[in-house]
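Using the numbering used here, the first residue of the sequence shown is number 777, and each one after it goes up by one.
Using N, Cα and C, we set each Cβ at its ideal position, and we do this for glycine too.
Structure, as structure tokens:
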Amino acid sequence: MTQSQARPFTSRWTTGCLALAACLCLTMLNVPATATATATPVTQQVSLEAAYPQTTDLREPEADDSDAAASVGLTPFHEIAPSLNEAQAASDRVSVEVIGRSTQGRDLYLVTVTAPEAKSSSVNKVAVLINANLHGDEREGTDAALDLIGDYASTQEAAVEQTLRSTRIHILISANPDGRVSGTRENAAGFDLNRDLLTTSQPESAAVRDMIVGLSPAMVLDVHGYANGTLIEPTTAPFGQNIEFDLIMRHALPSALGMEQAINALSLDDADDLRPPQIPLRDWDEGWDGWAPIFAAQYAGLHGAIGQTVELPLQTNNGSETLSSRELTRRTDINTQVAKAAMQATITYADGHRAALVGDHEEGLRRAVAGEPGRAAPWG
């Protein structure tokens, strides 16, 4: 993913963002609020105040032998709904909502993994959002997410049980199912969805926007590909002046270091054609900027989230499909491991820094409501 520079905005927050920020501040404090946004509706709006578990009997698509994901050894779209239906039936930690439909009518599945809770619960959990497969031919995040859900749904590990008591893990399984099936970066209408988070001209990007606004996550991980070694935000300058980087960088760099450590712990190296992870803020002078809020991670920053993109290492698109099935399976397996490690590290960071994340998130939204001048980014 090459991120291009663009001309800065002339205003820090729009009136609509201010109104949304006020609602989100109340939500994080567990005070009921009435949303004031006039966002394009999706099939089912994400609930700001939900009880868990909440199950959905997902419609199961017919098998599609032409699904491009299967051709590289990954989960075809038609197998996702049956897997999620089984997970909901087997575990009271797993909830699924359909938050929209793609251009061609495929369901967008939002999975929440957390310990059961009542709607009136006073527990102020920290929300982590994982967004997978926004680019249709960058697929391994979906498979990593399915693996993660399976692990967290059934494990009796004390540390995971504790995490689920204090954390809501929200996962958009495939943000671009049409592109996943066809093997294209864009959606079925030919749009790059990771350039559409402000205009939200497409149903998929509108659903992602509404999800971010509705869930008010403290951390957002957007899984992409491909760059070897694995690229982990934070980015280089220029930084968007509409984002509270003095708050975000308290967490983005330590979180990135945690992801790097988790990926290195997989013991994959030159013998696997894998180079060490790169954190552009630390390792580069320029070249992968964090300015434009058209990207999912940067758009999440407008809402106070610690938004980070991860670029998986081994290419499995753009002609790589002609490689042997053995080599493609090797690459997709490694990418899935890396994606899962990044997800787990993000969740671990959120669980270990819950109070600071929630406090800084609220502070960023407070500044927006107050109309305070933006703080200069501490780097670049």
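Query                                                                                                                                                  : Result
Which value, in whole angstroms, describes the spacing of the CA atoms of Gly-1095 and Ile-1024?                                                       : 37 Å
Using three-state DSSP, classify Arg-1157 as helix, strand or coil.                                                                                    : Only positions 777 to 1156 of the chain appear in this structure, which leaves residue 1157 out of reach.
Can you tell me where the beta strand (DSSP E) holding Thr-1085 begins and where it ends?                                                              : 1082-1088
If His-1129 sits next to His-1027, beta carbons under 8 Å apart, how far is it from one beta carbon to the other, in whole angstroms?                  : 7 Å
Taking the alpha-carbon positions, what's the Arg-882 to Ser-958 distance?                                                                             : 13 Å
Apart from the five residues just before and just after Asn-1162, which ones in its own chain have a Cβ nearer than 6 Å to its Cβ?                     : Residue 1162 lies beyond the stretch modelled for the chain, which goes from 777 to 1156, so this question has no answer here.
Please name the residue in Val-984, Ser-992, Val-936 whose C-alpha comes closest to that of Glu-1138.                                                  : Ser-992
Could you pull the start and end residues of the beta strand (DSSP E) that Ser-871 belongs to?                                                         : 870-877
Run the CB neighbour count on Ala-1152, radius 10 Å, all protein chains shown included, and call it buried at 16 or more, exposed below.               : exposed
Closer than 7 Å to a non-hydrogen atom of the ligand HEM - does that hold for the CB of Pro-852?                                                       : The ligand HEM is not part of this structure, which contains no ligands at all.
Identify whether Pro-858 lies in helix, strand or coil by the three-state DSSP scheme.                                                                 : helix
Quick check for students: name the residue ranges of the alpha helix (DSSP H) that lie wholly in the stretch 889-942, counting only runs of 4 or more. : 916-930, 934-942
Can you list, in chain order, the residues of its chain whose CB lies under 7 Å from that of Ala-1146, leaving out five sequence neighbours each side? : none
Let's test the definition: count the other Cβ atoms within 10 Å of the Cβ of Gln-932 and tell me whether it reaches 16, buried, or not, exposed.       : exposed
When DSSP labels each residue in this structure, what does Phe-1015 get in the three-state scheme?                                                     : strand
What residue does the alpha helix (DSSP H) around His-1027 start on, and which one ends it?                                                            : 1021-1040
With respect to the beta strand (DSSP E) encompassing His-1000, which residues constitute its N-terminal and C-terminal limits?                        : 995-1001
If you follow the alpha helix (DSSP H) that Leu-1078 is part of, which residue opens it and which one closes it?                                       : 1072-1078
Considering Tyr-828, what are the terminal residues of the alpha helix (DSSP H) in which it resides?                                                   : Taken as a continuous stretch (DSSP letters only), Tyr-828 belongs to no alpha helix (DSSP H), as it is neither H nor E.
Is it right to say Pro-979 is buried, meaning 16 or more other beta carbons lie within 10 angstroms of its own, or is it exposed?                      : buried
Indicate whether Leu-851 and Asp-919 have their beta-carbon atoms separated by less than 8 Å.                                                          : This sequence places Thr at residue 851; Leu is not what is there. Cβ atoms of Thr-851 and Asp-919: closer than 8 Å.
Have a look at the DSSP bridge pairing and note the partners of Asp-1045.                                                                              : Asp-1045 pairs with nothing; no bridge assigned.
On the three-state DSSP scale, how would you describe Gln-1054?                                                                                        : strand
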